[in-house]
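Trainee:
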Amino acid sequence: MTRRTTLIRVSRTVTAALAVLTLTVGVPELARASPQPASQRSADSISLPASIPSAPRAEPDGRLPSGWRIAGTGPAKQLVWTSPEPVPMGNARVEFYAGDRLLGRPVAGRDRRAFRLKLGDARVGAAPDLRVLAGGRRLDAAGKDRAPDARRATGTTPPSTPPPVNAVDPGTTGKYRTVSGEYALKSVRLPGFPAPVEMRGVVVSPVGAPGRRPLALFLHGRHYTCYNAKGDQGMSWPCEAGLKPVPSHRGYLRDQKLLASQGYVTVSIAANGINGQDDSAEDGGAQARSSLVRLHLARWAEWAAHRAGAPAAVRAAPPADMDQVLLVGHSRGGEGVNRAALDSLYRAPADQDGYRGPVRWHIRGTVLIGPTVFGQNPVPDVPSMTILPGCDGDVSDLQGQIYVDGTRGISRGTALHSAVYVVGANHNFFNSEWTPGQAVAPADDDFWDNDTPDPVCTPGKKDRLTAARQQTAGATYIAAAARLFVAGDDRVRPLLDGSDRRAPSAGPVRVLTHAVGGRRTPAFLPDTSMSVSGGRVCAQVDPDPRRACLPPEGTATSPHFALWETSREPGRHAVAMRWSEPGTAVKIRTARPVSVAGADSLALRVIVPPNTTGTRLDIALTDTKGRRATLGTARIDGLPGSDRTASYWGREIRVPLSAASRGKVDLKQVKSLELTPRSGSGQAWLVDAWGWRPGTPAVRAASLPRVDIGRLTVEEGDSGVRNYRVPVRISGHGSGRVRLFVAEPGTDKVSYRTVTVRPGSHAVDVPVQVRGNTRFSYDVMHNVFVKAVRGAVVGSHSGGLTVKNDDPMPTVEVKPVADHVTEGQSLRWRVSLSEAADVDMDSVGFEILPVEQGAELSTLDVDGAWLRESFGESPEPARPLSAVVETPYLPVSVPAGKLSTELTVPTVADGLKEPEESIRLRMITYDDVWEPHEGPVFTGTVRDAS
Numbered sequence: 005m006t007r008r009t010t011l012i013r014v015s016r017t018v019t020a021a022l023a024v025l026t027l028t029v030g031v032p033e034l035a036r037a038s039p040q041p042a043s044q045r046s047a048d049s050i051s052l053p054a055s056i057p058s059a060p061r062a063e064p065d066g067r068l069p070s071g072w073r074i075a076g077t078g079p080a081k082q083l084v085w086t087s088p089e090p091v092p093m094g095n096a097r098v099e100f101y102a103g104d105r106l107l108g109r110p111v112a113g114r115d116r117r118a119f120r121l122k123l124g125d126a127r128v129g130a131a132p133d134l135r136v137l138a139g140g141r142r143l144d145a146a147g148k149d150r151a152p153d154a155r156r157a158t159g160t161t162p163p164s165t166p167p168p169v170n171a172v173d174p175g176t177t178g179k180y181r182t183v184s185g186e187y188a189l190k191s192v193r194l195p196g197f198p199a200p201v202e203m204r205g206v207v208v209s210p211v212g213a214p215g216r217r218p219l220a221l222f223l224h225g226r227h228y229t230c231y232n233a234k235g236d237q238g239m240s241w242p243c244e245a246g247l248k249p250v251p252s253h254r255g256y257l258r259d260q261k262l263l264a265s266q267g268y269v270t271v272s273i274a275a276n277g278i279n280g281q282d283d284s285a286e287d288g289g290a291q292a293r294s295s296l297v298r299l300h301l302a303r304w305a306e307w308a309a310h311r312a313g314a315p316a317a318v319r320a321a322p323p324a325d326m327d328q329v330l331l332v333g334h335s336r337g338g339e340g341v342n343r344a345a346l347d348s349l350y351r352a353p354a355d356q357d358g359y360r361g362p363v364r365w366h367i368r369g370t371v372l373i374g375p376t377v378f379g380q381n382p383v384p385d386v387p388s389m390t391i392l393p394g395c396d397g398d399v400s401d402l403q404g405q406i407y408v409d410g411t412r413g414i415s416r417g418t419a420l421h422s423a424v425y426v427v428g429a430n431h432n433f434f435n436s437e438w439t440p441g442q443a444v445a446p447a448d449d450d451f452w453d454n455d456t457p458d459p460v461c462t463p464g465k466k467d468r469l470t471a472a473r474q475q476t477a478g479a480t481y482i483a484a485a486a487r488l489f490v491a492g493d494d495r496v497r498p499l500l501d502g503s504d505r506r507a508p509s510a511g512p513v514r515v516l517t518h519a520v521g522g523r524r525t526p527a528f529l530p531d532t533s534m535s536v537s538g539g540r541v542c543a544q545v546d547p548d549p550r551r552a553c554l555p556p557e558g559t560a561t562s563p564h565f566a567l568w569e570t571s572r573e574p575g576r577h578a579v580a581m582r583w584s585e586p587g588t589a590v591k592i593r594t595a596r597p598v599s600v601a602g603a604d605s606l607a608l609r610v611i612v613p614p615n616t617t618g619t620r621l622d623i624a625l626t627d628t629k630g631r632r633a634t635l636g637t638a639r640i641d642g643l644p645g646s647d648r649t650a651s652y653w654g655r656e657i658r659v660p661l662s663a664a665s666r667g668k669v670d671l672k673q674v675k676s677l678e679l680t681p682r683s684g685s686g687q688a689w690l691v692d693a694w695g696w697r698p699g700t701p702a703v704r705a706a707s708l709p710r711v712d713i714g715r716l717t718v719e720e721g722d723s724g725v726r727n728y729r730v731p732v733r734i735s736g737h738g739s740g741r742v743r744l745f746v747a748e749p750g751t752d753k754v755s756y757r758t759v760t761v762r763p764g765s766h767a768v769d770v771p772v773q774v775r776g777n778t779r780f781s782y783d784v785m786h787n788v789f790v791k792a793v794r795g796a797v798v799g800s801h802s803g804g805l806t807v808k809n810d811d812p813m814p815t816v817e818v819k820p821v822a823d824h825v826t827e828g829q830s831l832r833w834r835v836s837l838s839e840a841a842d843v844d845m846d847s848v849g850f851e852i853l854p855v856e857q858g859a860e861l862s863t864l865d866v867d868g869a870w871l872r873e874s875f876g877e878s879p880e881p882a883r884p885l886s887a888v889v890e891t892p893y894l895p896v897s898v899p900a901g902k903l904s905t906e907l908t909v910p911t912v913a914d915g916l917k918e919p920e921e922s923i924r925l926r927m928i929t930y931d932d933v934w935e936p937h938e939g940p941v942f943t944g945t946v947r948d949a950s
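Take a look at the structure:
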């Protein structure tokens, strides 16, 4: 059989960055890949992308973008980005993108500069530009140096009149003195974490408070785990010799003391053991944090019943009322307490859970401070308050907004879910142990300005908060949530539900709120069934700018439109409006009439661009009989923002329904909503609209089915076809609907469907066929994601099936085909595999060395087009090929299914009488940590044609 050969045309490389999957040298002139040691956890990504279509393309001159390289070989092939400076350990996950496609989530090296993503079967090929994001913030050089968005002003919104003072102020110190202490219990083991996790807590409690007292438990987020007096920081667990744990759990003492003075028992627990190990957790550690929280709650339940066995710090506190529990979580701790609330209502799979005992507590609410929400799976029937820091430099996309928006339509809708936007607050300062000048360990301001002052968030700007003001405001609003969710004091609700009230104890901090749930009734929740004139239904998450609400390539960022696992996500919409003059109405018609009967007002959440003022909208309703009433005119101002903030955020506006009643509009049969701009040109986006009335209803959790996706790993096998199914567990009660996403391996295609689930059913069925063979390939990941639609909850949202390659990498042999030629002919070397592979084998590369004896081929002796394509260089002036660029390198790739290819160096006849000239090529291979290994040297000689 004639072997097909491929002419290798390589692009310019200044380094050997494009020499991927090169192999270790053997004898004679054979090479084999070195497998990656299983102990090297840093080579694995912590979560799986929807797909890896290809590794990123090189820049026009052939190089990977600055800071990027391909490392490793075979299954250990990695895409590596190296930051010029250490990237602080944070809570948002670092993600690699090719254009708008998620390539995966890399693992950080010990120096926090190198980030490595296992590529699997991806290869260097055509793809959009590379980007490094964390919480929506761009980390790589291209992102840091980008120009501000021309569509967005860089000033700040003029100060407005402060809102009215609320009837009660939850931030005032209570009547009780407080006492503090700590406990340390035996460490625990959690599934998937090799090292035990600590069981430590700092307790602050009231002195002399009668009876059983409500319990507030705090969980910190992801931060450095270890430090020493020299300022060194570490991420390992347990801490290495000479380092000690960072006391992140002591960072909420101010909040604890305020709550304790008001009669709450409080405990803040340590989670360094999770932070030091969650890099390989597919869910970012959410289930582990939930397990840790519930392990502590179980101890508190036991101590409440048997005081004698409790630690001294617990015995010094009044007994805890486990029927009145508030969970407070910061950053990844926020996602952890959300999962703990979920797991307390709907059992987690036993093999994933670190706590399997009875639930002897009732979680009345959660407080989530700058939280992550990787799974986008909020608990619908547990009230929540989410603090969104306007200058968050860690979870900078403010994805915690999904704890509000993601509950809409899932369950009964009576639980209040509040978003509290704190203008000028950063991420870290809510924890004093993450705050410079207060922390015992090294700490920093997480907001990044890259030496370019930000008009809103650079310290010293009028909108930027000092640490003290931020912490005061945080304590006040945590106490507000406790008073509403646990104590049931409805007088506090206006501070949290968009009623535009302020708490004097929070100081001169600008705090904006909106909410869903409570006594709201759904009216206009945008979806594709709506008919819109004068505007359009837009997609919150879509790479197509024609469908997207905000330009995907711009810097405009909305917390409402936070990305999830897929680049396009159905079921998430808003209504986009744009006008050039007043009076152009946007009319929104629902597929079926809606009812707002019994409501006092129509509450709308409307986004306007940051730093804009005076947007005015007339708001009108029309019923099915055509009776129409203008409810009133609302003014909406944008938030202070810049190209580095997520400031496209929905302001809650309310207009009374009294005009509709006077106009005989049937509020049980409302057909359309009209929004008519009365200001000049502008933009706005309707997030949703609700019938609103005051009050906080009692919340009773519905009995819902729970869906958890698992991950199964299987060997490919040598022959035959085997059928598997992605492990899916459906537990709980009743039936509901979820949206299932199935990624096609090796492509950017993701299919989805909506399925009805009930315990014991197999509605979420994802079969996978595995065909065995004896040819080398990479591991294949069949990834699956799930999200609740209605009447269901989701625990583990991500999983799938991983097919492990179990075949050895082919050996490589290099032989000359034509290494003595006359000028005008091509020098050729055949690169052969011992057997064909199922993937492209970028199996060997060659470095051009200086010729030690005799004349060397120059840039004028080879084909000019080949030279430009290979190195991006012109033949003139003449210079040796070994000096055409700093390190000239020729990578070679054997296509999948083929046994060989050729490296070709085309020469030209110049008509000049010359001595023999030659080129020296050294075979270069790389091991799995990108260390080069020198191989044999091959020489090609060119004779003069004259």
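Number 950 marks the last residue of the sequence shown (the working numbering); no jumps.
Every residue gets a Cβ at the ideal spot worked out from N, C-alpha and C, and that includes glycine.
Treat the numbers as computed from the prediction; the structure is a model and nothing was measured.
1) Please report the Cβ distance between T700 and D385, rounded to the nearest whole angstrom; I am assuming they are in contact, meaning their Cβ atoms lie under 8 Å.
2) Just the C-alpha distance for D3 and N787, rounded to the nearest angstrom, thanks.
3) Thinking just about the alpha-carbon of each residue, which of R97, Y101, A102 is nearest to the one in V111?
4) Span of the alpha helix (DSSP H) holding H300?
5) Are G804 and M785 closer than 8 Å when you measure CB to CB?
6) Please classify V835: does DSSP put it in a helix, a strand, or coil?
7) Kindly indicate the opening and closing residues of the alpha helix (DSSP H) around A276.
8) Assuming the contact rule is C-beta atoms closer than 8 Å, R1034 and V725 should be a hit. Round their C-beta distance to whole Å, please.
9) Please report how far the alpha carbon of T717 lies from the alpha carbon of G684, in whole angstroms.
10) Which one of P457, V460, A471 has the shortest CA to CA distance from D448?
11) Taking its Cβ as the centre, do 16 or more other Cβ atoms sit within 10 Å of R73, making it buried, or is it exposed?
12) State buried or exposed for A47, treating a residue as buried only when at least 16 other CB atoms are found within 10 Å of its CB.
13) Counting C-beta neighbours from all protein chains within 10 Å, is the total for K753 16 or more, i.e. buried, or is it exposed?
14) Which of the three DSSP states, helix, strand or coil, is assigned to V941?
15) Are at least three pairs of beta-carbons, each pair with one atom in the segment 231 to 247 and one in the segment 455 to 471, less than 8 Å apart?
16) Inspect the beta-carbon positions of L661 and S605 and report whether they are closer than 8 Å.
17) A486 and L330 look like a contact to me (Cβ under 8 Å); what is the Cβ gap, rounded to whole Å?
18) Go through its chain and collect everything with a Cβ distance to Y256's Cβ below 6 Å, but skip five positions before and after it.
19) Leaving out five residues before and five after G858 in sequence, what residues of the same chain have Cβ atoms less than 8 Å from its Cβ?
20) Taking 8 Å as the threshold (C-beta atoms), are L499 and R655 in contact?
21) Are N276 and E202 touching if we call contact CB-CB under 8 Å?
22) State the Cα-Cα distance for the pair T891 and L925, rounded to the nearest angstrom.
23) Let me know the secondary structure DSSP gives S503 once reduced to three states.
24) Would you mind reading off the limits of the beta strand (DSSP E) that contains T525?
25) Could you check the C-alpha separation between V427 and D396 for me, to the nearest Å?
26) Which residue wins for smallest C-alpha separation from T559, given the options S535, S651, T617?
27) Judging by CA-CA distance, which residue of S265, T165, K248 is the nearest neighbour of V211?
28) Out of F789, V909, R254, which has the shortest C-alpha to C-alpha gap to T439?
29) Three or more C-beta pairs under 8 Å: does that hold for the segment 363 to 376 against the segment 521 to 540?
30) State the DSSP-derived secondary structure class of G522, mapped to helix, strand or coil.
31) Cβ of V759 within 8 Å of Cβ of A747?
32) Enumerate, from N- to C-terminal direction, the unbroken alpha helix (DSSP H) stretches of 4 or more residues contained entirely within the segment 246 to 277.
33) Looking only at its chain, what residues have a beta carbon closer than 8 Å to the beta carbon of S191, apart from the 5 residues adjacent to it on each side?
34) I'd like to know if the segment 619 to 636 and the segment 565 to 576 are in contact, where contact means that at least 3 CB-CB pairs between them fall below 8 Å.
35) Between the C-alpha atoms of R733 and S184, what's the straight-line distance to the nearest angstrom?
36) Could you give the distance in angstroms between the alpha-carbon of H937 and the alpha-carbon of H224?
Mentor: Here's the rundown:
1) Along the sequence shown, one-based indexing puts residue 700 at 696. Along the sequence shown, one-based indexing puts residue 385 at 381. Not quite, the Cβ-Cβ distance comes to about 14 Å (not below 8 Å), so this is no contact.
2) Since the first residue of the chain shown is 5 and the last is 950, residue 3 is not available in this structure.
3) Looking up residue 111 in the sequence shown gives position 107. For the residues R97, Y101, A102, the minimum Cα distance to V111 belongs to R97.
4) Indexing the sequence shown from 1 puts residue 300 at position 296. Where H300 is concerned, the enclosing alpha helix (DSSP H) stretches over 290 to 309.
5) Position 800 of the sequence shown holds residue 804. Position 781 of the sequence shown holds residue 785. Cβ atoms of G804 and M785: closer than 8 Å.
6) Sequence index remark: in the sequence shown, residue 835 carries index 831 (1-based). Note: V835 maps to strand in three-state DSSP.
7) Within the sequence shown, numbered from 1, the residue matching residue 276 stands at position 272. The sequence as given places Asn at residue 276; Ala does not occur at that position. In the DSSP assignment, N276 falls within the alpha helix (DSSP H) that extends over 276 to 279.
8) The question about residue 1034 has no answer, for the chain in this structure spans 5 to 950.
9) Indexing the sequence shown from 1 puts residue 717 at position 713. Indexing the sequence shown from 1 puts residue 684 at position 680. Computed Cα separation, rounded: 59 Å.
10) Position 444 of the sequence shown holds residue 448. Nearest option by C-alpha distance: A471.
11) Here residue 73 corresponds to residue number 69 of the sequence shown, with the count starting at 1. With 16 or more Cβ atoms within 10 Å of its Cβ, R73 is classed as buried.
12) The residue given as residue 47 occupies position 43 in the sequence shown. Only weak support exists for where A47 lies, its pLDDT of 27 falling under 50; the value from the coordinates is given anyway. Buried: at least 16 other Cβ atoms inside 10 Å.
13) In the sequence shown, counting from the first residue as 1, residue 753 sits at position 749. It counts as exposed.
14) Reading the sequence shown from its first residue, position 937 is the one you call residue 941. Taken through DSSP and simplified to helix, strand or coil, V941 comes out as strand.
15) No contact exists between the segment 231 to 247 and the segment 455 to 471.
16) Within the sequence shown, the letter at position 657 stands for residue 661. Within the sequence shown, the letter at position 601 stands for residue 605. Judged by their CB atoms, L661 and S605 are nearer to each other than the 8 Å cut-off.
17) In the sequence shown, counting from the first residue as 1, residue 486 sits at position 482. In the sequence shown, counting from the first residue as 1, residue 330 sits at position 326. Right, the Cβ-Cβ distance comes to about 5 Å (below 8 Å), so this counts as a contact.
18) Locating residue 256 in the sequence shown gives position 252, counting from the first residue. Sequence-distant partners of Y256 (beyond 5 residues in either direction) whose C-beta falls short of 6 Å from its own C-beta, in its chain, are F222, S272.
19) Against the sequence shown, residue 858 aligns to sequence position 854. Excluding five sequence positions before and after G858, the CB atoms of its chain that fall closer than 8 Å to its own CB belong to P919, E920, E921, S922, given in chain order.
20) Here the question's residue 655 lines up with position 651 in the sequence shown. Here the question's residue 499 lines up with position 495 in the sequence shown. Result no, Cβ atoms of R655 and L499 do not sit closer than 8 Å.
21) Residue mapping note: residue 276 aligns to position 272 of the sequence shown, counting from 1. Residue mapping note: residue 202 aligns to position 198 of the sequence shown, counting from 1. Against a cut-off of 8 Å, the Cβ pair of E202 and N276 comes out as a contact.
22) What you label residue 891 is simply residue 887 of the sequence shown in a count that begins at 1. What you label residue 925 is simply residue 921 of the sequence shown in a count that begins at 1. Roughly 12 Å between the two C-alpha positions.
23) Taking the sequence shown and counting its residues from 1, one reaches residue 503 at position 499. Secondary structure of S503 (DSSP, three-state): coil.
24) Residue 525 sits at position 521 when you count from the first residue of the sequence shown. Residues 525 to 528.
25) In the sequence shown, counting from the first residue as 1, residue 427 sits at position 423. In the sequence shown, counting from the first residue as 1, residue 396 sits at position 392. Going from the Cα of V427 to the Cα of D396 covers about 10 Å.
26) Position 555 of the sequence shown, counted from the start, is the residue given in the question as residue 559. Taking only the C-alpha atoms, the option nearest T559 is S651.
27) The sequence position of residue 211 within the sequence shown is 207, counting from 1. Of the candidates S265, T165, K248, the one whose C-alpha sits nearest the C-alpha of V211 is S265.
28) Stepping through the sequence shown from its first residue, residue 439 is reached at position 435. For T439, the closest alpha carbon among the candidates F789, V909, R254 is that of R254.
29) No, the segment 363 to 376 does not touch the segment 521 to 540.
30) Residue mapping note: residue 522 aligns to position 518 of the sequence shown, counting from 1. Note: G522 maps to coil in three-state DSSP.
31) Walking along the sequence shown from the start, residue 759 turns up at place 755. Walking along the sequence shown from the start, residue 747 turns up at place 743. Taking 8 Å as the Cβ cut-off, V759 and A747 do not qualify as a contacting pair.
32) With a minimum length of 4 residues, the continuous alpha helix (DSSP H) runs that stay inside the segment 246 to 277 are 257 to 265.
33) Position 187 of the sequence shown, counted from the start, is the residue given in the question as residue 191. The residues are P200, V201, E202, M203, G277.
34) The answer is no - the segment 565 to 576 does not touch the segment 619 to 636, with fewer than three Cβ pairs under 8 Å.
35) The count along the sequence shown starts at 1 and reaches residue 733 at position 729. The count along the sequence shown starts at 1 and reaches residue 184 at position 180. Here the alpha carbons of S184 and R733 stand approximately 43 Å from one another.
36) Counting from one through the sequence shown, the residue named residue 937 turns up at place 933. Counting from one through the sequence shown, the residue named residue 224 turns up at place 220. Roughly 45 Å between the two C-alpha positions.
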